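Novice:
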Amino acid sequence: MERGPARGARACHGRHGRRARRRHRCARCAGPRRLHRRGDRRVHPRRGRQAPGAKAGRQRTACGRPPRRDTARDERAPAGRALNSQLRWADIHLKAIRANAARILEHLPKGTHLFAVVKANAYGHGAVKAARAALDGGATRLAVSTLAEARELIGLVPAEHILVMGGLVPAQAGAAAASGCAIGLSSLAMAEAMNQTDEVVPVHLKIDTGMGRYGCAPEDAPALARYIEQSAGLRLDGTWTHFASADT
Numbered sequence: 177m178e179r180g181p182a183r184g185a186r187a188c189h190g191r192h193g194r195r196a197r198r199r200h201r202c203a204r205c206a207g208p209r210r211l212h213r214r215g216d217r218r219v220h221p222r223r224g225r226q227a228p229g230a231k232a233g234r235q236r237t238a239c240g241r242p243p244r245r246d247t248a249r250d251e252r253a254p255a256g257r258a259l260n261s262q263l264r265w266a267d268i269h270l271k272a273i274r275a276n277a278a279r280i281l282e283h284l285p286k287g288t289h290l291f292a293v294v295k296a297n298a299y300g301h302g303a304v305k306a307a308r309a310a311l312d313g314g315a316t317r318l319a320v321s322t323l324a325e326a327r328e329l330i331g332l333v334p335a336e337h338i339l340v341m342g343g344l345v346p347a348q349a350g351a352a353a354a355s356g357c358a359i360g361l362s363s364l365a366m367a368e369a370m371n372q373t374d375e376v377v378p379v380h381l382k383i384d385t386g387m388g389r390y391g392c393a394p395e396d397a398p399a400l401a402r403y404i405e406q407s408a409g410l411r412l413d414g415t416w417t418h419f420a421s422a423d424t
């Protein structure tokens, strides 16, 4: 026989009301539901149906505690499919890369070298595949951001035909010279460090024309170019910049 509640104890009371093996203070039922009272003052469970037009969401029980989250439901997409990053992909047409490289060269003077920029794994599309497609279309040079990216492409073109555009620091001068790649250079400190290596390093002077990413100021470029030309360990192979506007 089940004993009645302690004197003064009721649902939502501060005590457990002598409820054996139950620490919640709601009415005994299959789970927390809405409650209502009847004339006999006993608390009875009532099914908590959602009112017509009510918004779906977390509801509170009679004792003020929100129900346990349905994590499986929360992580489902509106259509019922589980959220998955694999649902998004990019289709890369290598024929289009080849065609674009060839089309660009049609508008450039004969003998112009086209650099295919394949940094960051060709922007996530596959550096080696994208580089080969661009080379098939007529590109003769490749460009990357780091020495590690350059090593992945050595063999597709001679090492000195790969430009490492990333802003290296003087501590990397030895590794940069040993790579055999062309190096983007924008400061006197880096030029002096590269000049102290045992290699003759091809460099491309980076000038900041408004992008603000990195590069020497336009007014400093002539003096830095003269230093490079007068250095036994450096060879000025080109100058370059990032345009601040696509319409430039």
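Each step along the sequence shown adds one to the number in this note's numbering, with nothing skipped, and position 56 is 232.
Yeah, the Cβ is synthetic: ideal placement off N, Cα and C, and Gly gets one too.
Bear in mind that the values here come from a model prediction, so they are computed numbers and not experimental data.
Where does Arg411 sit, in a helix, a strand or coil, going by DSSP?
Specialist: Note: Arg411 maps to strand in three-state DSSP.
Novice: Which partner residues does Arg317 have in the DSSP bridge list?
Specialist: BP columns for Arg317 point to Phe291.
Novice: Roughly how many angstroms separate the alpha carbons of Ala420 and Cys392, rounded to a whole number?
Specialist: Answer to the nearest angstrom: the Cα atoms are 15 Å apart.
Novice: What residues match up with Gly357 in a beta bridge as DSSP calls it?
Specialist: Here the sequence assigns Cys to residue 357, which means Gly is not the residue at that position. Answer is none; Cys357 lacks a bridge partner.
Novice: Between the beta-carbon of His301 and the beta-carbon of Ala266, is there less than 8 Å?
Specialist: In this structure, Ala266 lies closer than 8 Å to His301 by Cβ.
Novice: Leaving out five residues before and five after Ile268 in sequence, what residues of the same chain have Cβ atoms less than 6 Å from its Cβ?
Specialist: Result list for Ile268: His301, in chain order.
Novice: Excluding five sequence neighbours on each side, which residues of the same chain lie with their C-beta closer than 7 Å to the C-beta of Ile383?
Specialist: Result list for Ile383: Gly391, Cys392, Pro394, Ala397, Thr415 and Thr417, in chain order.
Novice: Where do the N-terminal and C-terminal ends of the beta strand (DSSP E) with Lys382 fall, by residue?
Specialist: First-last of the beta strand (DSSP E) with Lys382: Val377 to Lys382.
Novice: Could you pull the DSSP bridge partners for Leu339 from this structure?
Specialist: According to DSSP, Leu339 bridges with Ala319 and Ala358.
Novice: I believe Leu329 touches Leu318 by the beta-carbon criterion, under 8 Å. Please report the beta-carbon distance rounded to the nearest angstrom.
Specialist: The pair is a contact, with the Cβ atoms about 6 Å apart (cut-off 8 Å).
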